[in-house]
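First to last, the sequence lines map onto chains W and U. With the numbering used here as the guide, the letters of the first sequence map in order to residues 1 to 65. With the numbering used here as the guide, the letters of the second sequence map in order to residues 1001 to 1257.
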Amino acid sequence: MKLMVNGEAHEVAATTLAELLAALDYEGDWLATAVNSDLVHKASRAEFRLSDGDRIEILSPMQGG
Amino acid sequence: MFDLLGTTLPSRLLLGTAQYPSPAILADAVKASGTSVVTVSLRREMAGGRAGEQFWSLIRSLGVRILPNTAGCHSVREAVTTANMAREVFGTNWIKLEVIGNHDTLQPDVFGLVEAARILCEDGFAVFPYTTDDLVVAERLLGAGCKVLMPWCAPIGSALGPVNIMALRSMRGHFPDVPLIVDAGLGRPSHAATVMELGFNAVLLNTAVARAADPVGMARAFGKAVEAGREAFSSGMLEPRDVAVPSTPTIGRAVFS
């Protein structure tokens, strides 16, 4: 399946958002995720099924003004 | 002490966390300023990265309240999604709402701002809108559910200070009961003191401290200026006069000729 993760193209075997995070070595309760511009809660990642072409954003706390 | 949306804060200075020379200097500047609210953002994390974890750990160790922002968002959709992601990560319903409308001036897209504010307020957020000093926009934001307003006094990072005192004074006069926080454009402690003397409830700044030669010293200076400005406002300042008035009593002075 082809996905865009943080603006970069990835070819992955993962079928859920939780599997994708594990496959790409994302770990931590400070991460926030969105698929196709909608928030996907932490608790929903394991059931959230990805589709070809999905755009995933994985964000974390950063300096801000 | 300062009551902001039901939360009692010891300081009227809110401080941004970007652009400091190092995390240690950021931490020292936060402490020196006396602030109890800092702004943070969300950005893309690299695969396997720990940048977010390190920063988040530092901020949590400071024991201050978090005001996440939607900096860099140019559309309602982006801002709303970012706000929802921030609520999940930071565990607060406070959000500094930015919907940027112009790349050069970083001025807010006030139409998108009002629309995003309505969506977020209805969803239970306490929205701190980064806005202009326009009274009509301010009315619309209050109508959308905002309980606090954050007008700029000059473009973000410009250090120009209050460029339109009349507009700020007018805003204070029109919304006597709404917490007003000057956000963006402050360059010097005297700028902060000036807007506090006008009766603004607090100021939010970042660049003026972070990019100073000594951010820790500047943070302390801003903290004092904000306090001084507020106390001056509360103490009733003398109105300017066109004529001289002697301060030393004239009665009882000696006559030598």
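Cβ atoms here follow ideal geometry from the backbone N, Cα and C, with glycine treated the same way.
(request) For ILE1165(U), name the three-state secondary structure that DSSP assigns. (result) Your numbering for residue 1165(U) matches position 165 in the second sequence. Here ILE1165(U) sits in helix by DSSP.
(request) Could you confirm whether any beta carbon from chain U is found closer than 8 Å to the beta carbon of ASP38(W)? (result) Translated into positions along the first sequence, residue 38(W) becomes position 38. Output row for ASP38(W): interface = yes.
(message) List, in chain order, every chain W residue whose beta-carbon is nearer than 8 Å to that of THR1207(U).
(response) The residue given as residue 1207(U) occupies position 207 in the second sequence. Result: GLY65.
(request) Mind listing the chain W neighbours of ALA1089(U)? Cutoff is C-beta to C-beta under 7 Å, in chain order. (result) For the purposes of this step, residue 1089(U) is taken as residue 89 along the second sequence, with counting starting at 1. One point to set straight first is that residue 1089(U) is Val, not Ala, in the sequence displayed. Within 7 Å Cβ-Cβ: TRP30, ALA32, PRO61.
(request) Could you spell out where the alpha helix (DSSP H) holding LYS1031(U) opens and where it closes? (result) The count along the second sequence starts at 1 and reaches residue 1031(U) at position 31. Run containing LYS1031(U): 1023 to 1033, per the alpha helix (DSSP H) assignment.
(request) Could you check what DSSP says for ALA32(W) in three-state terms: helix, strand or coil? (result) To locate residue 32(W), count along the first sequence from 1; it is residue 32. In the structure shown, ALA32(W) sits in a strand (DSSP, three-state: E or B).
(message) Can you check whether the C-beta of GLY1124(U) is within less than 8 Å of a C-beta belonging to chain W?
(response) Here residue 1124(U) refers to the residue found at position 124 of the second sequence. Chain W contact via Cβ: absent.
(message) Within 8 Å, do at least three Cβ pairs link the segment 1103 to 1119 of chain U to the segment 1061 to 1069 of chain U?
(response) They do not touch, by the three-pair rule.
(request) May I ask you to report which of helix, strand or coil DSSP gives GLU1225(U)? (result) As a working mapping, residue 1225(U) is identified with position 225 in the second sequence. First, the residue type needs correcting, since residue 1225(U) is Ala and not Glu in the sequence shown. DSSP places ALA1225(U) in helix when its eight states are reduced to three.
(message) Cutting at 6 Å between CB atoms, please list the residues of its own chain near SER1041(U), excluding the five before and the five after it.
(response) On the second sequence, position 41 is the one that residue 1041(U) refers to. Cβ within range, chain order: ASN1069, ALA1071.
(request) Run through the segment 1102 to 1188 of chain U for me and flag every whole beta strand (DSSP E) of 3 or more residues, listed as ranges in chain order. (result) Listed in chain order, they are 1126 to 1131, 1181 to 1183.
(request) Indicate whether at least one CB of chain W lies closer than 8 Å to the CB of ASN1069(U). (result) As a working mapping, residue 1069(U) is identified with position 69 in the second sequence. Yes, its Cβ sits closer than 8 Å to a Cβ of chain W.
(request) Determine which residues share a DSSP beta bridge with LEU39(W) and list them. (result) Stepping through the first sequence from its first residue, residue 39(W) is reached at position 39. The secondary-structure analysis by DSSP pairs LEU39(W) across a beta bridge with ALA34(W).
(request) With DSSP as the reference, please indicate the residues paired to ASN1069(U) in a beta bridge. (result) By 1-based counting over the second sequence, the position of residue 1069(U) is 69. LYS1096(U), per the DSSP bridge assignment.
(request) Under 7 Å between beta-carbons, which chain U residues line up against LEU24(W)? List them in chain order, please. (result) Counting from one through the first sequence, the residue named residue 24(W) turns up at place 24. The answer, in chain order, is ALA1047.
(message) Out of LYS42(W), GLU47(W), ILE58(W), ASP52(W), which one is the CA nearest neighbour of ALA13(W)?
(response) Position 13 of the first sequence, counting from 1, holds the residue named residue 13(W). That would be ASP52(W), whose Cα lies nearest to the Cα of ALA13(W).
(message) Counting beta carbon pairs with one atom in the segment 21 to 32 of chain W and one in the segment 1010 to 1024 of chain U, are three or more of them shorter than 8 Å?
(response) They do not touch, by the three-pair rule.
(message) By alpha-carbon positions, which one of VAL1114(U), GLY1157(U), SER1170(U) ends up nearest to GLY1143(U)?
(response) What you label residue 1143(U) is simply residue 143 of the second sequence in a count that begins at 1. Checking every option, the nearest Cα to that of GLY1143(U) belongs to VAL1114(U).
(message) Based on DSSP bridge pairs, tell me the residues matched to HIS10(W).
(response) Here residue 10(W) is taken as the residue at index 10 of the first sequence, counted from 1. Partner(s): LEU3(W).
(request) Report the three-state DSSP secondary structure of PHE1090(U) (helix, strand or coil). (result) Residue numbering aside, residue 1090(U) sits at position 90 when the second sequence is read from its first letter. Three-state DSSP puts PHE1090(U) in a helix.
(message) Please report the straight-line C-alpha distance between GLU8(W) and ARG1044(U), rounded to a whole angstrom.
(response) Along the first sequence, one-based indexing puts residue 8(W) at 8. Along the second sequence, one-based indexing puts residue 1044(U) at 44. Taking the straight line joining both Cα atoms gives about 11 Å.
(message) At the level of alpha carbons, what is the spacing between PHE1217(U) and SER1036(U)?
(response) Counting from one through the second sequence, the residue named residue 1217(U) turns up at place 217. Counting from one through the second sequence, the residue named residue 1036(U) turns up at place 36. According to the sequence as given, residue 1217(U) is Gly; it is not Phe. C-alpha separation (whole angstroms): 17 Å.
(message) Residues in the same chain with beta-carbon distance under 7 Å from MET1(W), minus the five sequence neighbours each way, listed in chain order, please.
(response) Mapped onto the first sequence, residue 1(W) falls at position 1. Within the same chain, MET1(W) has close Cβ partners VAL12, LEU50, ASP52.
(request) Report yes if the C-beta distance between CYS1153(U) and ALA1193(U) is below 8 Å; otherwise report no. (result) The residue labelled residue 1153(U) in the question sits at position 153 within the second sequence. The residue labelled residue 1193(U) in the question sits at position 193 within the second sequence. With contacts defined by Cβ atoms closer than 8 Å, CYS1153(U) and ALA1193(U) do not form a contacting pair.
(message) Can you check which of these residues, MET1085(U), GLY1049(U), ILE1059(U), is closest to VAL1038(U) by C-alpha distance?
(response) Taking the first residue of the second sequence as 1, we reach residue 1038(U) at position 38. It is ILE1059(U) whose Cα lies nearest to the Cα of VAL1038(U).
(request) Taking THR1039(U) as the query, report the chain W residues whose CB atoms sit under 8 Å from its CB, ordered along the chain. (result) Your numbering for residue 1039(U) matches position 39 in the second sequence. Chain W residues near THR1039(U): GLY64, GLY65.
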